[in-house]
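Basically the working numbering = 1-based index in the sequence shown + 359.
Virtual Cβ for every residue (Gly too), placed ideally from N, Cα, C.
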Amino acid sequence: MVVLTALVVLTALMVVLTLVIVFFKLLVWKVYERIAWLTGSMESHSDLMLRIEARGGINGQPIKLVSWDPTIGEAPKREHGEEVDLNTIRIFLPVKDRRRQRTTKEKVKDLFTLP
Numbered sequence: 360m361v362v363l364t365a366l367v368v369l370t371a372l373m374v375v376l377t378l379v380i381v382f383f384k385l386l387v388w389k390v391y392e393r394i395a396w397l398t399g400s401m402e403s404h405s406d407l408m409l410r411i412e413a414r415g416g417i418n419g420q421p422i423k424l425v426s427w428d429p430t431i432g433e434a435p436k437r438e439h440g441e442e443v444d445l446n447t448i449r450i451f452l453p454v455k456d457r458r459r460q461r462t463t464k465e466k467v468k469d470l471f472t473l474p
């Protein structure tokens with residue numbers, strides 16, 4: 360009888376601990392959702408401000424904004440001491456708008472290559 364009571368108590372304790380773990384996982388998930396929302400909002404705001412400032416331009420001349428898809432071509436090369444072209448700004452296309460998505464093999468390969 361004592362063994363049976365101990366098993367029931369241990370089972371109840373495991374159920375309670377499982378529920379506590381599930382609660383904390385849900386809490387962490389909601390926190391990460393809010394972090395992702397806030398990060399996305401800040402990026403949208405930065406992109407919007409960049410577009411507004413580019414329209415004003417430098418010395419009255421508007422700056423050209425060019426959409427850039429890294430899956431199609433490489434970025435223009437820059438070198439030390441080279442003058443920066445302020446008349447053109449390249450903006451990354453969102454992943455959903457890109458022409459070609461990276462394959463799993465390319466993603467794994469990128470994990471093991473140094474920048």
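- Sequence-distant partners of residue 449 (beyond 5 residues in either direction) whose C-beta falls short of 6 angstroms from its own C-beta, in its chain, are 425 and 427.
- Within the stretch 391-441, the beta strand (DSSP E) runs of at least 3 residues that lie entirely inside it are, in chain order, 423-427.
- DSSP places residue 462 in the coil class of the three-state scheme, outside both helix and strand.
- Inclusion of residue 435 and residue 451 in the CB contact set at 8 angstroms is not warranted, their separation being larger than that value.
- Of the candidates 453, 414, 457 and 441, 457 places its Cα closest to the Cα of residue 431.
- If you draw a straight line from the Cα of residue 360 to the Cα of residue 470, it comes to about 57 angstroms.
- Judged by DSSP secondary structure, residue 447 falls within the beta strand (DSSP E) whose first and last residues are 447-451.
- By a beta-carbon distance limit of 8 angstroms, residue 446 contacts residue 422. Their separation comes to about 6 angstroms.
- Residue 441 and residue 416 have their C-alpha atoms some 22 angstroms from each other.
- For residue 471, the three-state secondary structure derived from DSSP is coil.
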